[in-house]
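The sequence shown begins at 3 in the numbering used here and counts up by one.
A virtual CB, placed ideally from N, CA and C, is assigned to each residue, including glycine.
Remarks on the structure that follows.
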Amino acid sequence: MDDRDLTDVLQEGVRAAAASSTPLRLQGHDSKAFLGNPVDGDPLDLSAHRGVVRYEPTELVITARGGTPLAEVEAALAENRQTLGFEPPHFGGRGTLGGAVASGLGGPARPWGGAPRDLLLGVRLLDGRGQVLRFGGEVMKNVAGYDVSRLMAGALGTLGILLEISLKVLPAPVNTATQVLALSRDAALAKMRELARQPAPLSGACHVDGRLYLRLSGAEASVRAWQQRIGGETLAPHNTFWQRLRDQELEFFDRPDATLWRLSLAPATSRLACEDEVLLDWGGAQRWVFTDLPAEQVRKMVAVHGGHAEVFRRAPDETAPFQVLEPGLLTLHRRLKERFDPAGIFNPGRLFQGWLS
């Protein structure tokens with residue numbers, strides 16, 4: 003296992019960039035370079051800053067450097083039958099812990115295992131002045147005030163470099179099985195809503211190509227009982243499907259020339275006009291959609307239902323990936339950016355074009 007602390011090297015590079023106002027494009031394995039707006043800056047490779055710093059299986063806490071490969075973290079956890087609850091994607095079979103947190107993305111288990119921000123206990127951060135800051139810790143606690151470390155989940159590296167990350171981990175399930183039912187989209191949504199109201203040990207619920215996939219995780223007796231109750235076919239082996247869903251390797255996603263939208267909606271939301279081609283995940287709360295409708299129309303349609311629409315992978319056009327923020331939220335984002343990165347050197351424009359972001 004490669005273990006290297008390059009804090010001093012990274013600190014020197016950031017200070018030099020800040021002094022010369024040189025923008026930096028932060029990258030680990032570059033597996034999520036497609037997220038957000040393209041960044042015009044000097045690449046700063048973070049992948050060599052890696053290694054598990056502390057791991058306490060009995061405390062369900064792991065601390066690792068940002069460049070540590072996800073595969074390495076998950077292998078260490080697997081030795082103690084533990085796992086990352088948010089099931090982070092490994093796009094292209096790659097990915098680092100820092101990238102997983104910075105992207106804020108969760109896989110199929112995310113509604114049941116928690117989002118990255120929910121499991122983030124603390125970070126050690128290199129800010130835009132070259133200062134090393136520490137937020138949070140390595141224990142779950144309930145204190146007054148906002149947990150600043152959670153700001154880093156989903157910030158896409160615009161607030162600083164994640165030197166170390168402390169996460170709560172979860173026990174791996176004793177038994178897991180997947181049942182498959184041939185159902186229409188509407189029938190699948192109804193089934194997922196029905197199961198959400200019951201104590202089913204779900205850890206995945208996806209509908210694609212006329213089939214509903216339900217992953218059950220827990221004690222063997224519970225899983226078997228719910229398999230019989232749900233019915234359908236038992237998928238074997240079943241792990242491959244969920245890994246391909248997690249990493250967007252299913253045939254549904256194989257449209258490199260089309261724009262892929264990610265819609266976040268209440269599971270009970272009925273079919274929207276923009277859902278020409280759709281994969282339902284997270285029990286219907288996350289919808290992957292291919293549509294030719296204009297971006298403004300898609301966003302308005304989703305907003306009417308209290309949801310959020312994001313261009314996840316885009317065709318070569320000028321569509322902004324993220325929805326424009328309301329003035330109050332935009333001001334808050336700007337102030338945070340100015341506090342953590344006053345010279346605007348970290349991934350400028352990746353979240354929003356036209357201001358320090």
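- Note on geometry: alpha-carbon atoms of R96 and V306 lie some 37 Å from one another.
- Cβ atoms of A311 and Q299 stay farther apart than 8 Å, at about 10 Å.
- Within the same chain, Cβ atoms closer than 6 Å to the Cβ of L183 are found at L214 and G234, the five residues on either side in sequence being excluded.
- Distance from the Cα of N349 is smallest, within the candidate group N39, D7 and S219, for N39.
- Annotation for D120: the continuous alpha helix (DSSP H) segment containing it runs P118 to L121.
- If you draw a straight line from the Cα of D10 to the Cα of D129, it is about 13 Å long.
- Per the coordinates, the alpha-carbon of T160 lies some 47 Å from the alpha-carbon of A227.
- Within the region 60-101, the complete beta strand (DSSP E) runs of at least 3 residues fall at 63-67.
- Under DSSP, K170 shares a beta bridge with V63.
- Boundaries of the beta strand (DSSP E) around N177: N177 to A184.
- Beta-bridge partners assigned by DSSP to S22: none are found.
- G69 counts as buried, since no fewer than 16 other beta carbons sit within 10 angstroms of its beta carbon.
- If you look at E340, you'll find it in the alpha helix (DSSP H) that goes P329 to F342.
- Non-local beta-carbon contacts of A104 in its own chain, meaning distances under 7 Å to residues more than five positions away in sequence, involve M154, A157, L158, G159 and L164 in chain order.
- The alpha-carbon separation between D259 and R315 amounts to approximately 9 Å.
- Closest by C-alpha distance to V291, out of G308, G309 and R264, is R264.
- R248 and L12 have their alpha carbons spaced roughly 31 Å apart.
- Counting along the chain, the unbroken alpha helix (DSSP H) around P113 starts and ends at R112 to G115.
- Contact between the region 182-201 and the region 82-91 is absent: fewer than 3 CB-CB pairs across the two stretches fall below 8 Å.
- Counted as a single uninterrupted DSSP element, the beta strand (DSSP E) harbouring W263 occupies residues L262 to S266.
- Less than 7 Å divides the Cβ of P203 from the Cβ of L218.
- Leaving aside the five residues that flank K170 on each side, the residues in its chain whose CB is nearer than 7 Å to its CB run, in chain order, L62, V63, L121, L123 and M142.
- When secondary structure is reduced to three states using DSSP, R316 falls in the coil class, being assigned neither helix nor strand.
- Within the region 179-262, the alpha helix (DSSP H) runs of at least 4 residues that lie entirely inside it are, in chain order, 187-198, 222-232 and 241-248.
- As the crow flies, the alpha-carbon of D47 is around 15 Å from that of I347.
- Secondary-structure assignment with DSSP links Q299 through no beta bridge to anything.
- A residue is called buried when at least 16 other Cβ atoms come within 10 angstroms of its Cβ; L281 meets this threshold and is buried.
- Here the alpha carbons of L216 and E166 stand approximately 35 Å from one another.
- Rounded to the nearest whole angstrom, the C-alpha separation of T261 and V210 is 18 Å.
- Distance from V134 to L99 at the Cβ level is roughly 18 Å; contact not present, criterion being Cβ atoms closer than 8 Å.
- Where W290 is concerned, the enclosing beta strand (DSSP E) starts and stops at Q288 to F292.
- For V54, the enclosing beta strand (DSSP E) starts and ends at V54 to E58.
- A direct Cα-Cα distance of roughly 21 Å separates E58 from A102.
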